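Participant: First residue of the sequence shown? That's 0 in numbering that gives the first Met the number 0, and the numbers climb one at a time after it. Every residue gets a Cβ at the ideal spot worked out from N, C-alpha and C, and that includes glycine. Nothing here was measured: the structure is a model prediction, and the numbers come from that model.
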Amino acid sequence: MNETMPISAGLPAGMTTDACLEAQLRSAFLTGETDGEEAGLRPEFVINDPDRRIKVLTVIEDELARCTSFDISVAFVTMSGIEPLLPIFEELRERGVPGRVLTTDYLGFSDPAAMRKLASISNIEVRLYRTEGNRGFHTKGYIFNSGDVCRFLIGSSNLTGTALATNREWNARLVSKQTGAFARALQAEFRALWDHPLSRPLHEVIDAYEAERRAHMAAQIEVMRRLPLPVSPVRPEPNSMQRAFVENLLRIAGSGERRALLISATGTGKTYAAAFAVRELKPRRMLFVVHREQIARQAMASFRRVLGEEELTFGLLGGGQNEAGADCVFATMQTLARERVLGALDPKAFDVIIIDEVHRAAAESYRKIMAHFEPKLWFGMTASPDRPDGADIYALFDHNIAYEIRLSTALEEDLLCPFHYFGVKDVTVGGMMLEDLSDFRLLTAEERVSNILDRAQYFGWSGPRVKGLVFCSSTMECIELSKLFNERGLMTVALTGNDEQSLREEAIYRLLHGVGDNRLDYIFTVDIFAEGVDIPEVNQVIMLRPTQSAIVFVQQLGRGLRKAPDKEFVVILDFIGNYQSNFLIPVALADDRSYNKDNMRRALAVDLRQIPGASSVHFDPIVRKRIYESIDRASVSDTKLIRTSYEQLKAKLGRIPGLLDFDRFGSIDAVKFFEKFGSYYAFLEKYEKSFTTRLSTRAAGMLAFLSVKAGAGRRVSEAIVIRDLLAGRPDLETGLREGLARYGIEPSAAHLSSVFGFLSNRFVKTADEAKQRAGMVFVEYDAALGWRMAAELCEELGRSAEFRTMLAELAGFMVSRYEARFSKRYAGTDLVLYEKYTYEDVCRLLNWPTNMNAQNIGGYFYEKTTKTMPVFVNYHKAEGAIAYEDRFVSPSHIVALSKTKRRTTSADADHIYKRTPEDKDNRILLFVRRNKEDKGEAKAFYFLGEVEAQGEPVPVTLPATGDRAFEIDYRLDVPVRSDIYAYVTMAED
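1) Compute the distance between the beta-carbons of F704 and I400, then report whether it is under 8 Å.
2) Helix, strand or coil, according to DSSP, for H892 in the structure here?
3) How many angstroms separate the CA atom of E530 from the CA atom of Y393?
4) Tell me which same chain residues have a C-beta within less than 8 Å of the C-beta of Y969, skipping the five on either side of it?
5) Relative to the C-alpha of R816, which candidate in A800, I522, E834, A826 has its C-alpha closest?
6) Please classify D48: does DSSP put it in a helix, a strand, or coil?
7) Could you name the residues that DSSP lists as bridge partners for V277?
8) How long is the line joining the alpha carbons of I541 and L468, rounded to whole angstroms?
9) Measure from the alpha carbon of R359 to the alpha carbon of each residue in S472, Q333, A348, K375, then state which is nearest.
10) From which residue to which residue does the beta strand (DSSP E) around D70 run?
11) Among Y594, V448, A409, V776, whose alpha-carbon lies nearest the alpha-carbon of V635?
12) So is Q241 buried or exposed if we call it buried at 16+ other beta carbons inside 10 Å?
13) From M475 to L560, what distance separates their C-alpha atoms?
14) Where does A38 fall in DSSP's three states?
15) Check the DSSP bridge columns for Y128 and list the partner residues they point to.
16) Does A826 come out as helix, strand or coil in the three-state DSSP assignment?
17) Please classify C793 as buried or exposed, where buried requires at least 16 other C-beta atoms within 10 Å of its C-beta.
18) Classify R283 as buried or exposed, calling it buried when 16 or more other Cβ atoms lie within 10 Å of its own Cβ.
19) Measuring straight from C-alpha to C-alpha, what distance separates P545 and R625?
20) According to DSSP, simplified to helix, strand and coil, what is S155?
21) Can you list, in chain order, the residues of its chain with a C-beta nearer than 8 Å to that of T67? Leave out the 5 residues immediately preceding and following it.
22) Between the Cα of V553 and the Cα atoms of D565, K562, P564, D573, which residue gives the shortest distance?
23) Taking 8 Å as the cut-off, decide whether the C-beta atoms of V357 and K375 are in contact.
24) Short of 6 Å in beta carbon distance, which residues of its chain neighbour A113, apart from the five on each side in sequence? Order them along the chain.
25) Measuring only the C-alpha atoms, how far is A187 from S198?
26) At a threshold of 7 Å, does L63 count as lining the ligand NAD (C-beta to nearest heavy atom)?
27) Measuring only the C-alpha atoms, how far is Y980 from P890?
28) Looking at V586: is its Cβ nearer than 8 Å to the Cβ of M599?
29) Candidates K919, L758, Y838: which alpha carbon is nearest F990's?
30) In three-state terms, what does DSSP make of E221?
31) Can you grab the Cα-Cα spacing for the pair V448 / I522, in whole Å?
32) Let me confirm a value: S998 is counted as buried when at least 16 other C-beta atoms fall within 10 Å, else exposed. Which label applies?
33) Would you kindly check if the distance between the Cβ of L556 and the Cβ of F418 is under 8 Å?
34) State whether the stretch 806 to 813 contacts the stretch 715 to 724, with contact taken as three or more CB pairs (one from each stretch) at a distance under 8 Å.
35) Measuring alpha carbon to alpha carbon, tell me which of Y208, K671, A27, Q539 ends up nearest D591.
36) Quick one: Cα of R994 to Cα of F275, how far?
In structure tokens, the structure reads:
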């Protein structure tokens, strides 16, 4: 969170608050200029916009963080609206910042639990406006006071989770001096409502309101119960996840495969996905196998909605019914596995058989069913195919994974329950921090137990009582912590892998349905609930172990993500010690497998605040510091990390993964193989025993050259030429033109020259470099034929069919990456806004004839043949670096300095200000980075678009050296996206 600071701290030099406010009002309501957004004074239109990474929630958090007092008046308050604000409310309490919240009993919507939670925070006073017999109460206003300035957020957003994160909401964020007429009127209205006789202190009226609300809701339920059930005449249609799955399943079935697997979290629409697949497959008959009768009935209802009943019959096999003759049969495993029932069914009776929760298929009853039937297609569905007992569900379905839905996709599709993740510090016990190898006494110390219970109570849960899972690092810790919780008055049990299934089922029943002394508040475990156990009602997950794996982290998080009645959200409490692997937390939450340190820092600082949907992510300041330190220490190109990711994917697929498999199945970024080993071939040669292919030194070098220099797919042209070379196409230049035309690109002469130069080993920094890479030649020029295959490539392709296959695979990977990430080109360039580029990338993608040393480029370089000048800004200078005072004034305005020893009359100034006829078509392109140096990672810059120099250069003298330079006032063509701007400009730790 932002530290509290006086308004004047953010103002431009020499400007008063009044002058700045006037400028911002003029900009917002008259001129439309986006410049000079200093100190947060600019009026803004605030909405929830996932494409622009904006949530009303984060605006409120930011305003609360810098205010000295606040007042809120909203018609409705719910726990889902309060929950993500609990960290900032606690911070304000610690700082002694007072607040008042006024809400209403209007329509009985406001949640008594939410109001009680607010009132329990000592610095917040809550009142309830009683509207009975009076007109409605619809205010939605947030007032933040800070010195002589008052900020407001006024519009449509109540204090509810959807209003703050996902709904279409319109809000105006305005700023005024406290003496302004608008501020005075708004403050007076709030005071009038606050002091109104109908506004009562919460403790005086909350019990009565809660009783009224309970009676009102009971009456509504009774009315709804008496109404006839609605019949929907419209058949459901698949969402994007389900469409992708059906397409993949049809492809698998069409290729002759007889088994396929869908991996998707419970609650993400697997049953409907199966129904949509059956609609397209059109089997003669189908069988759907589940483990409970209730699920069978629910599945049958879903299939009826999708398939219709005009031509099909539906039947139940289980629960005392035997309708096995229907076209679509829904059977419980227990009934179907009976000898009498199974033996009466023809092994070829069904064309398609679907097994739900197929992670159970290793059990004897399921094996008996699968051994009996011979369908054209077996199709399994599960959320957790990885089993601790070693059963290989992937192999059971021939490693044919039709689809695997990832966390970020499921959240964007609103398929999961929203979660509120809180990364909180694990306590220091007796002056010792909890670390990876902390001894048992620290893990079970009374101080730690007290801290866990305090945090669990403060952040709470959704629903009338807690139904929690606690993940520990060892069985001993599980058992001891459960005992200590019980001594504090809670009802808990520890479950281990040694416990009988019946004991687990009893514990789950007590957690979900137990009352009084028979209830359970928490189940403690190490990992048995990380897979294959469906407990939708879980409303709090506590993590008390280091994050050693991003995959396991998401599995444990996922235990609470199933939607359930009376559950608006799930609370995730992650107690974070000084662990080496803390860097994996932003990797897991951001679903970013690039393992790039800059990406991790950006996720931690900015991106996770804008996680999709109504979910939220928060870290307390100490935890944030610990994770930053872990990122700094991490070896993200470590061979062990890459090998582990490879082995996991290989086990899933049952074969050596292809490059595209790493993207398709959400594994580590395959570019990591290029960065660490030079090529995927080099990795396989060294570490995969079953990989027996061996290439010549030159062929291996050619793969490494193309992988390292162009394998990330930032430009598609090289891949097009490689594919044409492998296809034997003679007219390569024409082929490139045609290939680019499919992407709407008409290549310039400079572009064609750049591609040819790269593939013919001419895009080099020095002659020595060209000699070192003498064999890395893919094309050559023939006076009669133009571009043609180089003799070196022709020789290697003739020598090795495996080399041809690997080169084709690499080209396909490059095309796929280009289409997924780099095809949205900016203004006729081969650059994409907000993607990251190295100096060498920029030189190549701007079609420069030669590669330039970074030292020669410096802060910028003018390349005369292409008339391009990239400007590279290291926003936060490394210690000891030349102190250029580059600075953003606003997302549309940056001030940068020229190189040293440059005058305002220099050629540099001519190029930048386009003074001469030769310079009028110059393009100046801005690249910015925060400048955190990371060992083993190339220095990469965010591309922020084209800039134009305004006015005239301002001469300056650098105080540290006395050298002359000049200051340039750049205006950006496109204002910097909010998340990138916040990350680049945020203060250094």
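Facilitator: So, to answer that:
1) no
2) strand
3) Any reading at E530 needs caution, since the residue's pLDDT is 47, under 50, leaving its predicted position unreliable; the model's value is listed next. Using only the alpha carbons, I get a separation of about 15 Å.
4) V870, H892, I893, V894, A895, I923, L925, V946, E947, A948, Q949
5) E834
6) strand
7) According to DSSP, V277 bridges with nothing at all.
8) 6 Å
9) Q333
10) 68 to 73
11) Y594
12) buried
13) 27 Å
14) Residue placement at A38 cannot be trusted, given a pLDDT of 46 that sits under 50; the coordinates are not used to answer.
15) T103, S198
16) coil
17) exposed
18) exposed
19) 12 Å
20) coil
21) T3, V96, N144, S145, G146
22) D573
23) no
24) V76, T77, M78, I81
25) 15 Å
26) Judged by which ligands are present, the structure shown has none, so any question about the ligand NAD falls away.
27) 7 Å
28) yes
29) This structure cannot speak to residue 990, because the chain is shown only from 0 to 988.
30) helix
31) 15 Å
32) Nothing can be reported for residue 998: it is not among the residues displayed for the chain, which extend from 0 to 988.
33) yes
34) yes
35) K671
36) An answer regarding residue 994 cannot be provided, because it is not within the stretch 0 to 988 covered by the chain.
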